[in-house]
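To get my numbering, take the position in the sequence shown, counting from 1, and add 100. Note that CB positions come from ideal geometry on N, CA and C, so glycine has one too. Read through the structure below, which is laid out as structure tokens, and then see the notes.
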Amino acid sequence: MTLQILPFQLTLSHMRSLKDHATLSNGVNMPWLGLGVYLIPDGPPIVDVIHHAIDAGYRSIDTASFYQNEAGVGQAVNTCGLAREELFVTTKVWNDDLRQARTLDAFEESLDRMQLDYVDLYLVHWPVPGKFVAAWKALEEIYERGRAKAIGVSNFTVQHLEVLQQNSEMIPMVNQVEFHPYLIQPRLKAFCAQKNIQLEAWSPLMQGRAMNVPTIQQVAEKYGKTPAQIVLRWDLQHGVVTIPKSAQPARIIENATIFDFELSEEDMVVLDGLDCGQRVGPDPEDFVF
Ligand code: NAD
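See the structure below:
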């Protein structure tokens with residue numbers, strides 16, 4: 101299957117700075133690049149990391165109730181000196197909480213921990229069979245009440261999205277999935293583009309392993325960039341929102357310095373050629389948590 105590089109309504113001129121954003125199907129703007137904060141400890145460590153990222157120009161933070169650091173995320177947002185509207189905060193409902201009434205409560209608990217009035221994006225973290233439709237109905241309610249500016253899902257396959265579509269009012273605005281040069285999932289990517297569901301890449305750096313892939317290293321050398329910058333730029337040129345994680349100040353800046361160059365179509369194809377369906381995380385068709 102030929103990979104569609106950028107959705108037709110997008111051009112590279114829409115991604116020239118860290119402030120540039122994708123526009124979701126409901127008109128909400130979501131920054132192309134955000135900071136993933138999985139495994140960054142709650143409390144002072146995460147507050148410092150997020151303040152550093154915001155100083156470096158980041159405007160989007162991706163957390164989850166499962167990460168147990170929502171309190172620190174909220175504290176960083178509330179003390180960074182920027183107006184709340186300038187930041188984009190994502191959190192997710194965990195698998196134990198996927199029942200309609202329980203999901204509504206879990207959402208309020210997340211807001212309480214973060215001391216925020218709303219989130220920009222609320223996601224169903226994993227498509228637990230038999231449960232995700234009920235949880236989605238709760239997310240629709242949260243959206244209708246204006247407590248989440250956008251709602252979406254994570255780790256949903258085409259089949260999960262079809263089940264959701266047949267059983268609900270709204271189509272998710274975002275699908276956050278594992279996405280990197282070893283795992284492009286062309287069918288899912290095309291399906292999301294067709295339904296106007298913004299694709300978002302988790303583990304975009306293959307949890308650090310992308311740095312050791314010779315082809316990525318060669319492309320990096322050619323552009324005078326690092327392997328991390330090449331992969332993150334490749335995400336953008338695919339029209340995929342990306343949320344690399346780092347707690348190291350220098351890497352946080354490095355990962356955001358991807359708006360000053362462009363990969364040629366030829367090099368996009370070279371990187372696309374690495375796709376081998378290899379995951380670094382759990383398979384949404386076969387997980388037990
Ligand atoms: P990632 O691919 O972002 O890799 C992070 C690791 O790569 C770091 O811990 C570090 O070891 C290394 N790294 C980062 N920048 C680097 C650089 N410039 N040079 C060299 N090494 C570098 O992996 P991730 O944390 O799994 O994914 C990113 C974010 O996605 C998470 O923090 C989380 O917010 C989200 N996520 C979501 C799900 C989900 O199910 N929805 C699952 C996993 C992760």
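Mind checking C292: buried by the 16 CB within 10 Å criterion, or exposed?
-> Indexing the sequence shown from 1 puts residue 292 at position 192. Around the C-beta of C292, 16 or more other C-beta atoms lie within 10 Å, and the residue is accordingly described as buried.
Is it a yes or a no for the stretch 368-378 touching the stretch 163-172, going by three-plus beta-carbon pairs under 8 Å?
-> Judged by Cβ distances under 8 Å, the stretch 368-378 makes no contact with the stretch 163-172, as fewer than three pairs qualify.
Look up R379 in the DSSP assignment and say whether it is helix, strand or coil.
-> Working through the sequence shown from its first residue, we reach residue 379 at position 279. Correct three-state label for R379: coil.
Any heavy atom of the ligand NAD closer than 8 Å to the CB of G373?
-> Within the sequence shown, residue 373 is the residue found at index 273, counting from 1. No, the ligand NAD has no heavy atom inside 8 Å of this Cβ.
Runs of beta strand (DSSP E) wholly within the stretch 245-318 (minimum 3 residues, chain order) | The stretch 245-318 contains these whole beta strand (DSSP E) runs: 248-254, 274-278 and 298-302.
Any non-hydrogen atom of the ligand NAD within 8 Å of M311 CB | Residue 311 sits at position 211 when you count from the first residue of the sequence shown. Correct: M311 has its Cβ closer than 8 Å to the ligand NAD.
Counted within 10 angstroms of its Cβ, other Cβ atoms place E244 as buried (16 or more) or exposed = Walking along the sequence shown from the start, residue 244 turns up at place 144. By the 10 Å Cβ count, E244 comes out exposed.
Output yes or no for whether 9 Å exceeds the beta carbon distance between H280 and S303.
-> In the sequence shown, the residue the question calls residue 280 occupies position 180. In the sequence shown, the residue the question calls residue 303 occupies position 203. Closer than 9 Å, so yes.
Pick helix, strand or coil for M130, following the three-state DSSP scheme.
-> Sequence index remark: in the sequence shown, residue 130 carries index 30 (1-based). In the three-state DSSP reduction, M130 falls in the strand class (E or B).
The stretch 341-355 touching the stretch 144-159, judged by at least three CB pairs closer than 8 Å = Contact holds: three or more Cβ-Cβ distances are below 8 Å.
Is the Cβ-Cβ distance between R309 and V380 less than 9 Å?
-> Taking the sequence shown and counting its residues from 1, one reaches residue 309 at position 209. Taking the sequence shown and counting its residues from 1, one reaches residue 380 at position 280. For the pair R309 and V380, the CB atoms are nearer than the 9 Å cut-off.
Reference C180; option with closest CA among H151, V253, H121 and P272 = Position 80 of the sequence shown holds residue 180. Comparing Cα-Cα distances from C180 to each of H151, V253, H121 and P272, the minimum goes to H151.
Which same chain residues, not among the five before or five after T357, have their C-beta less than 7 Å away from its C-beta?
-> In the sequence shown, counting from the first residue as 1, residue 357 sits at position 257. The beta carbon of T357 is closer than 7 Å to those of Q329 in its chain, skipping five residues each way along the sequence.
Kindly list the residues whose CB is nearer than 8 Å to the CB of L216, restricted to its own chain and excluding five residues on each side of it in sequence; keep chain order.
-> Residue 216 sits at position 116 when you count from the first residue of the sequence shown. If we look at L216 and ignore the five residues flanking it on each side, its Cβ neighbours are G174, V177, N178, R184 and V189.
Reference L264, options V137, V388, W236 and K322, closest by Cα = Your numbering for residue 264 matches position 164 in the sequence shown. The shortest Cα separation from L264 among V137, V388, W236 and K322 belongs to W236.
Drop a sphere of 10 angstroms on the beta-carbon of P314, count the other beta-carbons inside from all chains shown, and report buried for 16 or more, exposed for fewer.
-> Taking the first residue of the sequence shown as position 1, residue 314 is located at position 214. P314 is exposed by the Cβ-count criterion.
Meets three-Cβ-pair contact criterion under 8 Å: the stretch 120-129 and the stretch 269-279 = Between the stretch 120-129 and the stretch 269-279, the count of C-beta pairs closer than 8 Å reaches three or more; the two stretches touch.
From M306, E170, Q259 and E209, residue whose alpha carbon lies closest to that of P144 = Start at 1 with the first residue of the sequence shown, and residue 144 comes out as number 44. Closest by C-alpha distance to P144, out of M306, E170, Q259 and E209, is E170.
Could you tell me if T102 is buried or exposed, where buried requires 16 or more neighbouring beta carbons within 10 angstroms of its beta carbon?
-> By one-based count along the sequence shown, residue 102 stands at place 2. Because T102 sits at a pLDDT of 48, beneath the cut-off of 50, its placement in the model cannot be relied upon, and the point is left open.
Please work out which residues of its chain come closer than 6 Å, Cβ to Cβ, to N195, disregarding the five sequence neighbours upstream and downstream, and give them in chain order.
-> Indexing the sequence shown from 1 puts residue 195 at position 95. Around N195: W226 and V228.
With a CB to CB cut of under 8 Å and the five nearest residues on each side skipped, what residues in its chain are close to V233?
-> The residue given as residue 233 occupies position 133 in the sequence shown. Beyond the five residues adjoining it in sequence on each side, V233 comes within less than 8 Å, by CB distance, of V263, L264, N267 and S268 in the same chain, given in chain order.
Taking C-alpha atoms, which residue in V258, E278, T191 and E385 lies nearest to A290?
-> Translated into positions along the sequence shown, residue 290 becomes position 190. When the alpha-carbon of A290 is set against those of V258, E278, T191 and E385, the nearest one is in V258.
A250 and F207 closer than 9 Å at C-beta | The residue you call residue 250 lines up with position 150 of the sequence shown. The residue you call residue 207 lines up with position 107 of the sequence shown. Contact flag unset, no.
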